[in-house]
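Novice: Protein chains in written order, with the numbering used here: chain A, 4 to 504; chain B, 4 to 504.
2 protein chains.
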Amino acid sequence: MARTGSLGTLVSVDLDREAEVPIHEQIADALRQAVAAGHLQNGTRLPSTRALARDWGVSRNTVMHVFDTLTGEGLLASRVGAGTYIAANQQADDEDDGAATPVAPSPASTGYPFRRLSARGRNLVTQSTGALTEKPTPFMPDVPDLKSFPMRSWLRLMNEVTGRLKGNILVNVTNAGYEPLREAIVHHLKVTRKVDCHTDQVIITTGSQQSLDLVSRLLLERGDPVWIEEPGYIGTRATLIANGCTVYPVQTDHDGINIETGQRSFPAPRMIVTSPARHYPLGGRMTPARRSQILAYSRDSGAWILEDDYDCEFIYKGGIRSAIKSQDSEDRVIMIGTFSKTLLPSFRLGFVVAPKDLAVDFARARAVIDRHAPILEQMVLAEFMHRGLYAAHLRHMRELYQSRQACMVSVLKATVGYQPPTLELESGMHIVLPLKDEVDDRDVSMTLWERGATARPLSIYYSSKAKRKGLLLGFAAFQASDIHSHGPRLTPLETLVNRAD
Amino acid sequence: MARTGSLGTLVSVDLDREAEVPIHEQIADALRQAVAAGHLQNGTRLPSTRALARDWGVSRNTVMHVFDTLTGEGLLASRVGAGTYIAANQQADDEDDGAATPVAPSPASTGYPFRRLSARGRNLVTQSTGALTEKPTPFMPDVPDLKSFPMRSWLRLMNEVTGRLKGNILVNVTNAGYEPLREAIVHHLKVTRKVDCHTDQVIITTGSQQSLDLVSRLLLERGDPVWIEEPGYIGTRATLIANGCTVYPVQTDHDGINIETGQRSFPAPRMIVTSPARHYPLGGRMTPARRSQILAYSRDSGAWILEDDYDCEFIYKGGIRSAIKSQDSEDRVIMIGTFSKTLLPSFRLGFVVAPKDLAVDFARARAVIDRHAPILEQMVLAEFMHRGLYAAHLRHMRELYQSRQACMVSVLKATVGYQPPTLELESGMHIVLPLKDEVDDRDVSMTLWERGATARPLSIYYSSKAKRKGLLLGFAAFQASDIHSHGPRLTPLETLVNRAD
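1) Does DSSP put residue 300(B) in a helix, in a strand, or in coil?
2) Taking all protein chains shown into account, do 16 or more other C-beta atoms lie within 10 angstroms of the C-beta of residue 190(A), making it buried, or fewer, making it exposed?
3) Can you give the Cα-Cα distance for residue 232(A) and residue 311(A), rounded to whole angstroms?
4) Which same chain residues end up closer than 6 Å to residue 260(B) when comparing Cβ atoms and leaving out the 5 residues on each side of it in sequence?
5) Does residue 257(B) come within less than 9 Å of chain A when only Cβ atoms are used?
6) Mapping DSSP to helix, strand and coil, what is residue 386(A)?
7) Going by DSSP in three states, residue 295(A) sits in which element: helix, strand or coil?
8) Run through DSSP, which three-state label would residue 323(A) get?
9) Tell me, please, which residues DSSP counts as bridged to residue 500(B).
10) Can you pull out the residues from the segment 374 to 398 of chain A whose beta carbon lies closer than 8 Å to at least one beta carbon of chain B?
11) Note down, in chain order, every chain A residue with its Cβ under 8 Å from the Cβ of residue 130(B).
12) Tell me where the alpha helix (DSSP H) around residue 36(B) begins and ends.
13) Expressed to the nearest angstrom, what Euclidean distance is found between the alpha-carbon atoms of residue 423(B) and residue 484(B)?
14) Could you say if the segment 210 to 224 of chain B and the segment 333 to 352 of chain B meet the contact criterion of at least three C-beta pairs nearer than 8 Å?
15) Please work out which residues of its chain come closer than 8 Å, Cβ to Cβ, to residue 365(A), disregarding the five sequence neighbours upstream and downstream, and give them in chain order.
16) Which bits of chain B does residue 350(A) rub up against, with CB to CB less than 9 Å?
17) Beta-carbon of residue 358(A) versus every beta-carbon of chain B: anything under 9 Å?
18) Between residue 176(B) and residue 238(A), is the Cβ-Cβ spacing less than 9 Å?
19) Got a sec? Which residues, its chain only, sit under 6 Å from residue 265(B) by beta carbon, not counting five neighbours each side?
20) Roughly how many whole angstroms lie between the Cα atoms of residue 167(A) and residue 392(B)?
21) Cβ of residue 248(B) within 9 Å of Cβ of residue 234(B)?
22) Could you tell me which chain A residues have their CB closer than 9 Å to the CB of residue 184(B), listed as they occur along the chain?
23) Throw me the rounded Cβ distance for the residue 2(A) and residue 477(A) pair, which I believe falls under 8 Å.
24) Residues of chain B with CB closer than 7 Å to the CB of residue 154(A), please, in chain order.
25) When Cβ atoms are compared, which residues of the segment 266 to 283 of chain B fall closer than 7 Å to chain A?
26) Mapping DSSP to helix, strand and coil, what is residue 53(A)?
27) Extract the residue ranges of the beta strand (DSSP E) inside the segment 224 to 277 of chain A, only unbroken runs of 3 or more that lie entirely within it.
28) Any beta carbon of chain B sitting closer than 9 Å to that of residue 34(A)?
29) Could you tell me if residue 193(A) is buried or exposed, where buried requires 16 or more neighbouring beta carbons within 10 angstroms of its beta carbon?
30) Judging by CA-CA distance, which residue of 415(B), 461(B) and 444(B) is the nearest neighbour of residue 486(B)?
31) For residue 162(A), go through chain B and note every residue whose CB falls closer than 8 Å to its CB, in chain order.
32) Based on DSSP bridge pairs, tell me the residues matched to residue 81(A).
33) Taking any Cβ of chain B, which residues in the segment 293 to 321 of chain A have a Cβ under 7 Å from it, in chain order?
34) Fully enclosed by the segment 405 to 490 of chain A, which alpha helix (DSSP H) runs are 4 residues long or longer?
35) When you compare the CB positions of residue 324(A) and residue 270(A), do they come within less than 9 Å of one another, or not?
36) For residue 503(A), which residues in the same chain have their Cβ closer than 8 Å to its Cβ, ignoring the five residues on either side in sequence?
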C-alpha cells in the first residue's frame, strides 16, 4: 500500500506503510537522496509541516521529527519568515569523524557578505546543542524532579531577604557574585568534596555552560588542543569547538579518561576536560590511580585540568570520592559545578573555582561579558545553604532518586530482561541501556518517541566513528507509578538489547 | 609639614599636607615616578593597604583609591594570594589615543607559557569596566531608585506563577527565552517605540552587556571596524574591543552620531553603534534628519546599525521619538534594550531584537553560551507587563525622576551656580556638570568621593585625547531630602564649573 506524496511541486516521495523501515526514516531517506541527486537545490524552501503532513498522510509530529533529524544532520535549516529550507552546504562532517580525528572549528574567513554570521558566530551556531525540552516525558534524562523542589521554602526565603534589602541591593555583590553565596560554596566544597579554596576563587555563573564558555575564552587560544572524554558531555565539546579549540576525544572507560591512550594518539593538550565524580553519560567513577596519573601528566605537560563536578551529588553506594581538585597542590585544576540538577535548571546557577592567581581576572572578565549573575536567586541560595536546607534537600533527593532507580531497574528487567551492572547503579540520574552494535539508536529513540517515551541515543555522545549504541533512560524526574506505567512502552527494545555488554 | 613614608623598604614618598595637590595625587605621582625611574620593578609586590596607610599617616580609603586609580591606569594589578603588585607592562595606551586613532585589541599570540590568559582572555580582562558599586551614595549615576521598586507585587506574582508550575517549569521556554515575555516585549516595543517585530526575533538576555557580547560574537569578525559614539558608553567599547573588533570613536553632538565625520575619517564600518533615544552620557536625542542619514549610510555601506535603546523610558519633555528600528525597512537595525534601569539591575534582564533571518541563529548560539536566561524572573516580568504593572511603574518612576531632576537643578544652582541647558533636562537619570578644560575631572571625582559624594568623571567616556571635562551627577536613586542634604558637598566645584559650555 505505497503512497506517493509530493514535496510541494519539487520531488515525490514513495512511502511504503508495510515496509520494516519506519515511515519517518523513509521520508528522511527520500529527502537525503533528493538532495544528493541535486533534485532539491540548496536554499529551496520546503512547504509547511502541516501541508507536508497532509500530502504524505502522516502526522505533523512525524514531519517535524524528520525536520529535526535532517536539521541535526545539517541538511535542513530554518529561518523566521523563510521557513525550512535545504542547507546542504552546512552538512555536518559526521562522516569524516574517524576515531583519532580531531574536531576543528571552521576556519576564520576574511571578507564576507553583509548579513552573514562571523566565523566564530557560525561556530557557535553549528555547535548548538539545540532547543530546550518541553515538559519532560518519561524517560527523559538530565531532568531533576521538579515537583520535589521546596518552592514554598524558597519563596519564603526570598520574601525574607528582599525584606532586608532597604535599597542596598548592590551591597556584597561583585562581578564574581554574591559574597555570602561564595562563602557557602567554599564551605560546601570543603565538606563534601574535600576542596580547600578561597572565597575569591569562587565565581558564580549562570550554570555549567557559561562556566565552560568563560574558561574557554579566558584560558584557551584558538587552535589550542583540548582533550575531552569519549564519549562525553555534548555541551563541553560544543563550547570548546565554538571557541575555536581543537578537541581530541580520548577514550574513557569505567576507571575514567585514559591518559595513556591520549598520550599515544594526540598532541600534548592545553587542557584536559574530565568528569571524575560521575562520568557522563556512562556513569564510571575515576579511580584513585587515574587521578594521580592525570595530575602527574598535567604537571609534566603543562596542561590545565577542567574538573566538571557534574552529578557528584547523587552517589548512592560506594562512598563519595573527593574531587581531583582536593589533591591539586599546584593549582592546575579548574573546577566547575552546577545547581541545575540539585535545585532547578531554570534558576541558572553554577560556579567556577578559578585558579588563585587568575581569580581576579575571571571576575574582571565577567564585567565585560554579562556583569554578574542575577542577585536575588544568589541571596536566596546563600540562605538556603547557610541554614542547612540545601544539605537536607540533597539528602532527600538522594533517597528519592535511589528508590526511583530501583524502580527503573525492575521495569527494565520486566520489559526487556536487562539488569544493569552494579557499578552503574552506584550513582546518577539515568541508566544506560546498551543496544546491539548494528542498531541505529537514533532511529530507536525516534520510534520510542512516537510511542510516548523519551530515551536519548547513546551514540550522540561520541565524537569518533566507534560509537557504542544504547539509550539513556532517565528516572529522576518521574514518580514510581509513572515509571511503571510507561515501562511497557520500552517492550519493543527487548530484541535490540545488547546483553553481552 | 612634609612627611616621609616608606613603601615597604622599596621607595620613599614625600607627602606635603599643605600643598595644593591632594594627598592621594601626591602618592599616586610618587608611585608613577618610582615606576618610570625603575625603582619599582614590574612584579614588585606592595605592602598591604593597612600597612601603607599606617606608614603614610593617611586613611586606608585614600590608599585604596590610589590603588584603584593606578590599577585603572594599568600600573598596578592584584591577584588573590599575591596582593597588589606593579604591572607596568600592562600600562594602558591612553597616551597614544589620538582623536582619529582607532583602538585595536592586543594581537593574538602563538605559544604562551602555562598559567597565562589567552589573547582574547587578556582583551576581556584589560577592557573590564571594573568592580560593581557598593550601596549607592549621592550622586551615583546609572542607578534606579531601589526603594520604589514594587517588590511586594513582584513577589506576589512570583508566588502565583510558581504555584501554577506543577512540574512543567520548562514549558514555553526556548533558548531565546520565555515565550509570553517575548510576546509582551513585542507589544511594548510596538506601543512605545513604534517597532514592528516578531516574537521569534526577541532574544531574552541577562542585560545589555550580554546583548552586546552576543551580537559581537555572532556578527563581527575579529578586526572588523565598528563605529562607536564619542563620547559613549564604556561597556560598549569594552565588549567590542574584547571581542577583537577595532573601534572608531565618531564625534557625537546633541543631534546624534555625526556620520559625515565618520565617513571622512574612518573606513566603512561593519557596524555602527548608537544610542539615539538618549545619548549616553551627554543626553542628546538623535534628530529625524540624522536618523534618515544613518539608515541611508547603512544601506550604502552595508553596515549593521546597533541601536542601544538605553534610557528611552525616561523622557520628560519633548515627546518620545520612535526608534530607528521603526523605520528599518531592510532589517539592518539590531536593537538592544534593558530592564536594569526600569526595574532592578540585579534581575539581569534585557533583550536583543535580532534580524529576522538570523533570529534562529541567535537562539541557537545561546544554547552553547549559557543555555538561556533564568526563567522565574522572566515569568514574573511577563505577568508584570501583561497586567499593565510595568507601564504603571514606568509612569510612576518618570514622575518621580522628573521631580528629583528639578531638585538636582535647584541644588546645582544654589551650590555651584550652574543651570543645565533645557535640552539636557528633557530626559535622563543624571545631569552632566561641565568643568573647565584644564581641570582633571578624575581628580575632582576623587576629591568629592573623599567628601562623601559620588560623581563620575565625564572624560572617561572619551576614547580620543580631545576629552571634555565634567561630572555625571545622578539623581534617580536619591530622595529629594538626600539630594538637598548632600548638595553642599559639591560646593568646592564652584570655581571649576565651565559656564561657557
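For glycine and all other residues, C-beta sits at the position ideal for the given N, C-alpha and C.
Specialist: In short:
1) Here residue 300(B) refers to the residue found at position 297 of the second sequence. Helix.
2) Taking the first sequence and counting its residues from 1, the one referred to as residue 190(A) is at position 187. That one is exposed.
3) Taking the first sequence and counting its residues from 1, one reaches residue 232(A) at position 229. Taking the first sequence and counting its residues from 1, one reaches residue 311(A) at position 308. The alpha-carbon atoms of residue 232(A) and residue 311(A) are separated by roughly 11 Å.
4) The residue labelled residue 260(B) in the question sits at position 257 within the second sequence. If we look at residue 260(B) and ignore the five residues flanking it on each side, its Cβ neighbours are 232, 253 and 277.
5) Counted from its first residue, the second sequence places residue 257(B) at position 254. No - not a single Cβ of chain A is within 9 Å of the one on residue 257(B).
6) Within the first sequence, the letter at position 383 stands for residue 386(A). DSSP places residue 386(A) in helix when its eight states are reduced to three.
7) Here residue 295(A) refers to the residue found at position 292 when the first sequence is read from its first residue. Residue 295(A): helix per DSSP, three-state reduction.
8) The residue given as residue 323(A) occupies position 320 in the first sequence. Three-state DSSP puts residue 323(A) in coil, outside helix and strand.
9) Looking up residue 500(B) in the second sequence gives position 497. 438(B), per the DSSP bridge assignment.
10) 374, 375, 376, 377, 378, 379 and 380
11) In the second sequence, residue 130(B) corresponds to position 127, counting from 1. What residue 130(B) touches in chain A: 371.
12) Along the second sequence, one-based indexing puts residue 36(B) at 33. Segment 26 to 39, the alpha helix (DSSP H) holding residue 36(B).
13) Working through the second sequence from its first residue, we reach residue 423(B) at position 420. Working through the second sequence from its first residue, we reach residue 484(B) at position 481. Taking the straight line from one Cα to the other gives about 21 Å.
14) yes
15) Numbered from 1 along the first sequence, position 362 holds the residue referred to as residue 365(A). Excluding residues within five positions, the ones whose Cβ falls inside 8 Å are 179, 206, 217, 221, 355 and 357.
16) Numbered from 1 along the first sequence, position 347 holds the residue referred to as residue 350(A). What residue 350(A) touches in chain B: 377, 378 and 379.
17) If you number the first sequence from 1, residue 358(A) lands on position 355. With 9 Å as the cut-off, residue 358(A) counts as an interface residue toward chain B.
18) Position 173 of the second sequence, counted from the first residue, corresponds to residue 176(B). Position 235 of the first sequence, counted from the first residue, corresponds to residue 238(A). Taking 9 Å as the Cβ cut-off, residue 176(B) and residue 238(A) do not qualify as a contacting pair.
19) Translated into the one-based positions of the second sequence, residue 265(B) becomes position 262. If we look at residue 265(B) and ignore the five residues flanking it on each side, its Cβ neighbours are 230 and 253.
20) Along the first sequence, read from residue 1 onward, the residue named residue 167(A) stands at position 164. Along the second sequence, read from residue 1 onward, the residue named residue 392(B) stands at position 389. Looking at the two C-alpha atoms, the distance is approximately 23 Å.
21) For the purposes of this step, residue 248(B) is identified with residue 245 of the second sequence, where counting begins at 1. For the purposes of this step, residue 234(B) is identified with residue 231 of the second sequence, where counting begins at 1. No, the pair does not count as a contact, with Cβ atoms beyond the cut-off.
22) Indexing the second sequence from 1 puts residue 184(B) at position 181. None at all; the shortest Cβ gap to chain A is about 13 Å.
23) Not covered by the structure: residue 2(A). The range shown for chain A is 4 to 504.
24) Position 151 of the first sequence, counted from the first residue, corresponds to residue 154(A). Near residue 154(A) (Cβ distances below 7 Å), the residues of chain B are 165.
25) none
26) Along the first sequence, read from residue 1 onward, the residue named residue 53(A) stands at position 50. Looking at residue 53(A) - three-state DSSP - the assignment turns out to be helix.
27) 228 to 233, 249 to 256 and 274 to 277
28) In the first sequence, counting from the first residue as 1, residue 34(A) sits at position 31. Chain B contact via Cβ: absent.
29) Against the first sequence, residue 193(A) aligns to sequence position 190. The residue is exposed, with fewer than 16 neighbouring Cβ atoms inside 10 Å.
30) In the second sequence, residue 486(B) corresponds to position 483, counting from 1. Of 415(B), 461(B) and 444(B), the residue nearest in Cα terms is 415(B).
31) In the first sequence, residue 162(A) corresponds to position 159, counting from 1. In chain order: 158.
32) Sequence index remark: in the first sequence, residue 81(A) carries index 78 (1-based). Its beta-bridge partners are 87(A).
33) 305
34) 444 to 453 and 483 to 489
35) Here residue 324(A) is taken as the residue at index 321 of the first sequence, counted from 1. Here residue 270(A) is taken as the residue at index 267 of the first sequence, counted from 1. Taking 9 Å as the Cβ cut-off, residue 324(A) and residue 270(A) do not qualify as a contacting pair.
36) By 1-based counting over the first sequence, the position of residue 503(A) is 500. Here the set comprises nothing.
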